[in-house]
Amino acid sequence: MVENVIFDVDGTLIDSVDEHAEAWRRSFIEFGRDIPFAHVRSQIGKGADQLLPVFFNDEELERFGKDLEEYRSALFKREFLPKVRAFPRVKELFQQLRKRGRKVALASSAKDDELKRYVELCGIDGLFEAKTNKDEVDKSKPHPDIFEAALTKLGKPAPATVVVVGDTPFDALAAGKLHLASVGVLCGGFRADDLRTAGCRTLVKDPAELLRRLEEDPEGWPWDAASRDTTKDEESR
Numbered sequence: 049m050v051e052n053v054i055f056d057v058d059g060t061l062i063d064s065v066d067e068h069a070e071a072w073r074r075s076f077i078e079f080g081r082d083i084p085f086a087h088v089r090s091q092i093g094k095g096a097d098q099l100l101p102v103f104f105n106d107e108e109l110e111r112f113g114k115d116l117e118e119y120r121s122a123l124f125k126r127e128f129l130p131k132v133r134a135f136p137r138v139k140e141l142f143q144q145l146r147k148r149g150r151k152v153a154l155a156s157s158a159k160d161d162e163l164k165r166y167v168e169l170c171g172i173d174g175l176f177e178a179k180t181n182k183d184e185v186d187k188s189k190p191h192p193d194i195f196e197a198a199l200t201k202l203g204k205p206a207p208a209t210v211v212v213v214g215d216t217p218f219d220a221l222a223a224g225k226l227h228l229a230s231v232g233v234l235c236g237g238f239r240a241d242d243l244r245t246a247g248c249r250t251l252v253k254d255p256a257e258l259l260r261r262l263e264e265d266p267e268g269w270p271w272d273a274a275s276r277d278t279t280k281d282e283e284s285r
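According to my numbering, the sequence shown is numbered sequentially starting from 49.
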């Protein structure tokens, strides 16, 4: 039985993927690189350490990588962070998980001050056991460091008792490296096929869909592979 749930945050609990992508895109322009929005968006879910090398070579990153990252961080906090909102029913989902004795952790590539703001927006302060952020690990997703840190804070439970919930293929790939099962949420805007290919066992629309499944099947959530997968229904709406 699943006893521990590790949640990604951006795109999973918080509707912020487009905002992150646009902040990066505008920052790239400032440093001489005009990248299409869709290309930038496809990389959201990685931390700067993994995202920047997709668009800049080692020599460029040596010269201005740190400045670019600081510029993007300031731009995001100034112009985009005030616009982001939590997805519906995140607080209720966390309350139900706690009621049923599940331990919950947050594992985000965001900086600590951003993560604190997300917790506030979701109204989940006090409803999780642990949180990790990019400042606590050497490498971000798709490397498994952030999930490994979350597991440590949860007391190093057996992988079979843990599920990761995330919106990007990078979440699923990182989870798989630790032999953790993953559930993909479609609210972050990534393609269902890409999430499945990366290793997601189950796909759902958003946190509200997870809550509904939990309420319908408290013991089996979210492992209901034998039942109807709602993903195709959600994609056709």
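Glycine residues also receive a C-beta, built at the ideal position from the N, C-alpha and C atoms. Keep in mind that this is a model prediction, so the values were computed, not measured.
Exposed unless 16 or more other CB atoms sit within 10 angstroms - verdict on residue i
i    : result
D277 : Here D277 scores only 40 on pLDDT, less than 50, and its place in the model should not be relied on; the value that follows carries that caveat. Flag for D277 reads exposed.
N105 : exposed
P130 : exposed
D254 : buried
E127 : exposed
R261 : buried
Boundaries (first-last residue) of the beta strand (DSSP E) holding residue i
i    : result
I54  : 52-55
D180 : Note on identity: in this sequence residue 180 is Thr, with Asp being the wrong assignment. Counting along the chain, the beta strand (DSSP E) containing T180 begins and ends at 178-180.
For residue i, three-class secondary structure by DSSP
i    : result
A274 : Because the pLDDT of A274 is 25, which lies under 50, any placement of that residue in the model is unreliable, and the number read from its coordinates should be weighed accordingly. Three-state DSSP puts A274 in coil, outside helix and strand.
T209 : helix
L234 : helix
L258 : helix
I77  : helix
L251 : strand
D82  : coil
D215 : coil
D66  : helix
D106 : helix
Test item: CB-CB of residue i and residue j under 8 Å
i    : j    : result
A229 : A198 : no
R74  : L123 : yes
N337 : R150 : Outside the displayed range of the chain (49 to 285) lies residue 337, so it cannot be described from this structure.
P217 : L175 : no
D56  : D183 : no
E263 : M49  : no
Start and end residues, alpha helix (DSSP H) containing residue i
i    : result
T245 : 240-246
P101 : 96-103
Handout entry: Continuous beta strand (DSSP E) assignments of at least 3 residues falling wholly in the stretch 165-200
Key = 178-180
Practice task
Would you mind listing the alpha helix (DSSP H) stretches within the stretch 112-166 that are 4+ residues and don't spill past its ends, in chain order?
Solution key: 138-147
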